[in-house]
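The sequence shown lines up with residues -18 to -1, 1 to 288 when you count with mature numbering (1 follows the signal peptide of the UniProt record, and there is no 0). Beta carbons: idealized from backbone N, C-alpha and C, even for Gly. As the structure is a computational prediction, the values presented were derived from the model and not from experiment. One structure is given here, and the rest of the page talks about it.
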Amino acid sequence: MKKLYIIAISLFSVLSFAQQTISFETSEGFTAGNINGQQGWISTATGGTPPNITTQIVSSELASQGSNSLKIAIDPAFGPQQNPVMGGFYTFPAALTYNNFTLSFDVRLTEQSANSSDFVFRTVSTAGTGSIVTYINFAYNGKIMLVNAGSTTLVDTNKTWTANAWARVKIVSTSTGIQYYVNNVLIYTGQPYVQSNINRMDFVHDNYSGNGYIDNIKINNESVLSTQEAIANIENISVYPNPTTDYINIKTSAKIKNVEVYEISGKRINIKLEENKVDVRDLGTGTYLLNVETEGRNYTKQFIKK
């Protein structure tokens, strides 16, 4: 049996509240087949040749909406794994604030037996040596387990999942804690395992038996804040002019702690901040993300450089 190695992935960290939907459709730039290298996704590293497994695929076999989904499949080149490490990994264009985000997705698992896989859906901070922020395990025996702050073992939610049926999973994180929903039913309320901003989400299994299908991933597309809070946040900061040719002005009542600019691809660009003004004269024409960190809040604004 081949031994599987997980290679550490170093990813950038940005704070944001950007909205995103991933449904693996051709209109989003996805093509059928190996997910590795598509639209910010990679598959498990092998430590050999090929460098990443090729069996985690964009598939038209099943979809909760549209035509495609992500199939996290058993890889026959490797035996069962001690931990869920086989699957697909997505790097966020801008990091999620650990206590201010929503993440939801549809999932369908094909087997539930003593010999079937555990399927895990987790969010990860890649800072330092890396750490788990949230972790949900759809276990082989039908249980739904998760991690909570301070726990040394998986917490049993006393809820179960059904094989060969789509389920909607939603995680809502606020300053008071994290709520976990399945099919719009609250199954657990807890705290993040670590208080660290989230760079990556993983959909993985331990390669025993059965396949998983993931679709309709929504990131910050569902309400976290109350309407009053959301309006206050929107009104608390503005950037102008947009589009711009030379400078971006940042207007906010809060003290600015840090400002970063990223290409849409996620590459960080060196910029100069002069008081509340960002010098973008050296940027090429195109669309960029401006991340502003203030006291107690983080914002990401899109702007166009002419």
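From this set, K141, V129, V137, P75, which residue's C-alpha is nearest E242's C-alpha? P75
Just tell me which of N50, A45, Y195 has its CA closest to the CA of T13. N50
Would you report the Cα separation of H187 and Q94, rounded to the nearest angstrom? 13 Å
Could you tell me if G30 is buried or exposed, where buried requires 16 or more neighbouring beta carbons within 10 angstroms of its beta carbon? exposed
If contacts are defined as beta-carbon pairs under 8 Å, then P66 and D88 qualify, I think. What distance do you get, rounded to the angstrom? The Cβ separation is near 19 Å, so there is no contact.
Check whether the segment 148 to 161 touches the segment 169 to 178, taking contact to mean three or more Cβ pairs, one atom from each stretch, closer than 8 Å. yes
Please report how far the alpha carbon of T267 lies from the alpha carbon of P223, in whole angstroms. 15 Å
Can you check whether the C-beta of T142 is within less than 8 Å of a C-beta belonging to chain D? The question asks about chain D, but that chain is absent: this structure has only one protein chain.
Applying the 10 Å Cβ sphere with the 16-neighbour rule, what's the burial state of D261? exposed
Would you grab the beta carbon distance between N179 and Y80 for me? Rounded to a whole angstrom, and I think it's under 8 Å. 5 Å
Keeping to the same chain, check which residues put their C-beta closer than 6 Å to that of Q2; ignore five residues upstream and five downstream. I201
Where DSSP assigns a beta bridge to residue 289, which residues make up the other side? The structure shown does not extend to residue 289, since the chain is modelled only from -18 to 288, so the question has no answer here.
Go ahead and label N273 buried or exposed: buried means 16 or more other beta carbons lie within 10 angstroms of its beta carbon, across all protein chains shown. buried
What are the boundary residues of the beta strand (DSSP E) that I118 is part of? 113 to 120
Buried versus exposed, by CB contacts within 10 Å (16 or more), A212: Any reading at A212 is ruled out, since the residue's pLDDT is 38, under 50, leaving its predicted position unreliable.
Taking C-alpha atoms, which residue in I219, L44, V106 lies nearest to L78? V106
Per DSSP, which residues does Q2 bridge with? Please list them. I201
Alpha-carbon to alpha-carbon, V115 and I153: 12 Å
Assigned secondary structure, T26 (DSSP; H/G/I helix, E/B strand, else coil): coil
Quick one: using the 10 Å Cβ neighbour count with 16 as the cut-off for buried, is L168 buried or exposed? exposed
Taking C-alpha atoms, which residue in N240, S220, P225, T226 lies nearest to K233? S220
What are the boundary residues of the beta strand (DSSP E) that Y244 is part of? 238 to 245
Going along the chain, which residues of its own chain have a beta-carbon closer than 6 Å to the beta-carbon of T36, five neighbours each way excluded? N16
For the beta strand (DSSP E) that N181 lies in, which residues bound it at each end? 180 to 187
Do F103 and V151 have their C-beta atoms within less than 8 Å of each other? yes
C-alpha gap between E257 and N203, whole angstroms: 33 Å
Going by C-alpha to C-alpha distance, which of T276, Y281, I286 sits closest to R263? I286
What did DSSP end up calling T8 once you bin it into helix, strand or coil? helix
Could I get the ranges of all uninterrupted beta strand (DSSP E) runs contained in the segment 54 to 125, with 3 residues as the minimum, in chain order? 68 to 78, 83 to 91, 101 to 107, 113 to 120
Best match in S41, R182, N97 for proximity to L85 [C-alpha to C-alpha]: R182
Could you tell me which residues DSSP pairs with residue 298 in its beta bridges? Summary: the structure shown does not reach residue 298, with the chain confined to residues -18 through 288, and so no result is reported for it.
Starting from G15, follow its DSSP beta bridges and name the residues at the other end. V40
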